[in-house]
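Each residue of the sequence shown is one higher than the one before, starting from 435 at the first, in the numbering used here.
Don't be surprised by glycine CBs; every beta carbon is placed ideally from N, CA and C.
For reference, the structure discussed in these notes is given below.
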Amino acid sequence: LKKLALFVFDHVWACKVNFGTQKDFRKTKLDERVKLVKNIHRMSEFPECEFDEFDLVIPISHKSETLALVFVGGIDHNIDILDESIKFIQALSNIIVVAIENKKLVRQQLEQEAFRKELEIASDIQQFLFPEKLPNTDRLKVEASYLPHDRVGGDYYDFIPINQNQFLICVADVSGKGIPAALLMSNFQASLHTLLRQTPNLTEIVEALNYQVLESAKGEKFITFFGAIYDLKLKTMVYVNAGHNPPILCDHTGMKLLEEGSTVLGAMHPLPFINEGFLTNLDNFTLLAYTDGLTETINEQGHEFGLDSLMAYLRDNFQKDLNLIHQDIIVKLDGFKGTNGYRDDITLLSCRVQ
């Protein structure tokens, strides 16, 4: 045996061992025809091949999967010696491949551990987004429920006191999932808190948030957002809905969808329009905001839960305890989806002033 090249498959084919050859095969792309071999072949069977200085190609396989290809040349063609040479080459190659596979497994374990730690960090980041405590007084009650689809989701909700009389409640949903989505939403939350300390003007806040999302995500992700500022003394609400599912406002006059606002944040700058919704003489009401994971839950027949089902429930139950409302909706959703799994995060945020 005078020359040898060992190619191993690890996502891509690469030459791991090369000696005695005229050409350096460590930078040579493997011939597509050779990748398909399952038995020992003479290289003369592959005309116009860059590997023609070799005599044989020997596949090294495990459970019908080709792990490596050994190219050998300059071997003695005496049949007995040839057989012994091939057996030796196969045995040696198997040892080398096992070592390479073990190294690959160790690398995969390290990568999985690193990814697990990244997920833990992202999950911790997301938990910091949510308020630690929500108000529960005779005048004001806020309740939140969050059902993540994966360990790291893309939903965000918040309750932010502004002064003695005013507070902001909001819900947001970022396109995509995982660590990038969690980091983008973390920046979004920090920006919202900073902006709210600078101005209570929702239009200015939404314009700035849109620019921040576009700069951070470069147009590859966007965020839907609903934010409302309520004044307990004046009994007024100002809100902006930026491409989000419309929250449902319930009081003695009936139900109203809060749809005024703009398009999603982070898709373009400047926003083509921003319309603030403004409600006066608003008291003794229940507001339910949610993310699209709720209404877009699909049952076994392929039908969505939908906004109509949610409104039908609230029509008769909006005066219930907020915690019971959330429990009822989640139970109804579980029954509706049947054996289907949830496809997205689900967030419920309710606010009651009385």
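Rounded separation between residue i and residue j - CA only
i, j, result
"Leu602", "Leu617", "22 Å"
"Lys537", "Phe485", "27 Å"
"Gly610", "Gly587", "9 Å"
"Gly508", "Ile529", "22 Å"
"Arg541", "Pro582", "30 Å"
"Gln561", "Ala533", "42 Å"
"Cys449", "Glu487", "16 Å"
"Lys463", "Trp447", "8 Å"
"Cys684", "His445", "56 Å"
"Leu767", "Arg460", "57 Å"
"Glu547", "Glu554", "11 Å"
"Gly695", "Asp607", "16 Å"
"Ile524", "Val647", "The question names Ile, yet the displayed sequence has Gln at residue 524. Taking the straight line joining both Cα atoms gives about 57 Å."
"Lys457", "Leu544", "35 Å"
"Leu501", "Phe443", "6 Å"
"Gln788", "Glu649", "41 Å"
"Asn644", "Asp717", "31 Å"
"Pro481", "Lys469", "15 Å"
"Leu756", "Lys575", "8 Å"
"Leu758", "Glu535", "54 Å"
"Phe707", "Asn570", "36 Å"
"Leu713", "Ser620", "30 Å"
"Asn679", "His627", "22 Å"
"Leu539", "Val531", "12 Å"
"Val451", "Asp465", "17 Å"
"Gly677", "Val605", "11 Å"
"Asn774", "Gly727", "13 Å"
"Gln598", "Glu577", "20 Å"
Classification of residue i by the beta-carbon crowding that lies within 10 angstroms, buried from 16 upward
i, result
"Ser478", "exposed"
"Lys437", "buried"
"Arg550", "exposed"
"His496", "exposed"
"Gln632", "exposed"
"Glu566", "exposed"
"Arg467", "exposed"
"Phe505", "buried"
"Pro681", "buried"
"Thr731", "buried"
"Thr725", "buried"
"Ala624", "exposed"
"Ala746", "exposed"
"Phe441", "buried"
"Phe660", "buried"
"Leu744", "buried"
"Leu796", "Residue 796 lies beyond the range of the chain shown here (435 to 788); nothing can be said about it."
Residue of the options minimising C-alpha distance to residue i
i, options, result
"Leu629", "Pro614, Asn709 and Ile594", "Ile594"
"Ile520", "Gly661, Pro681 and His475", "His475"
"Leu526", "Gly677, Asp717, Pro493 and Lys472", "Pro493"
"Asp779", "Arg460, Ile663, Ala615 and Arg573", "Ala615"
"Tyr776", "Leu713, Cys785 and Ile764", "Ile764"
"Ala723", "Asn774, Leu782 and Ile732", "Leu782"
"Asp572", "Asn597, Thr500 and Leu666", "Leu666"
"Arg786", "Glu552, Val640, Tyr664 and Ile708", "Tyr664"
"Arg749", "Leu539, Thr720 and Gln788", "Thr720"
"Glu710", "Ala662, Met745, Val698 and Val451", "Ala662"
"Glu552", "Asn452, His627, Leu574 and Gly612", "Gly612"
"Asp517", "Phe441, Leu490 and Ile708", "Leu490"
"Val471", "Asn570, Leu756, Ser498 and Leu539", "Ser498"
"Cys591", "Ser579, Asn599, Gln598 and Thr729", "Residue identity differs from the one stated: residue 591 is Tyr in this sequence, not Cys. Tyr591 has its Cα closest to that of Ser579, out of Ser579, Asn599, Gln598 and Thr729."
"Thr697", "Ser743, Thr658 and Phe770", "Thr658"
"Thr729", "Gln753, Lys771, Lys754 and Leu699", "Lys771"
"Val640", "Gln600, Leu668 and Leu699", "Leu699"
"Gln753", "Phe660, Asp742, His686 and Leu503", "His686"
"Gln761", "Phe622, Leu668 and Ser784", "Ser784"
heavy atom of the ligand SAH below 7 Å from residue i C-beta
i, result
"Glu641", "You won't find the ligand SAH in this model; it holds no ligand whatsoever."
Just list the beta strand (DSSP E) runs in the region 696-765, keeping only unbroken ones of 3 residues or longer that don't cross its boundaries, in chain order. Counting whole runs of 3 or more residues, the region 696-765 contains the beta strand (DSSP E) stretches 711-713 and 719-724.
Could you tell me which uninterrupted beta strand (DSSP E) segments, each at least 3 residues in length, are contained entirely in the region 596-676, listed from first to last along the chain? The qualifying runs are 600-608, 657-665 and 670-676.
Count the CB pairs spanning the region 733-750 and the region 696-716 that are closer than 8 Å, and state whether there are at least three. Cβ pair count under 8 Å is below three, so no.
Pairs of beta-carbons, one from the region 680-695 and one from the region 646-656, closer than 8 Å: are there three or more? The region 680-695, when compared against the region 646-656, does not touch it at the 8 Å Cβ threshold.
What are the uninterrupted segments assigned as beta strand (DSSP E) that are 3 or more residues long and contained completely in the region 451-507, given in chain order? DSSP runs (the beta strand (DSSP E)) wholly in the region 451-507: 490-496 and 499-507.
Assess contact between the region 667-684 and the region 632-652, defined as three or more Cβ pairs (one per stretch) separated by less than 8 Å. Is contact present? Look at the beta carbons and you see the region 667-684 touching the region 632-652: at least three pairs across the two are nearer than 8 Å.
Enumerate, from N- to C-terminal direction, the unbroken alpha helix (DSSP H) stretches of 4 or more residues contained entirely within the region 513-593. Counting only runs of 4 or more, we get 513-563.
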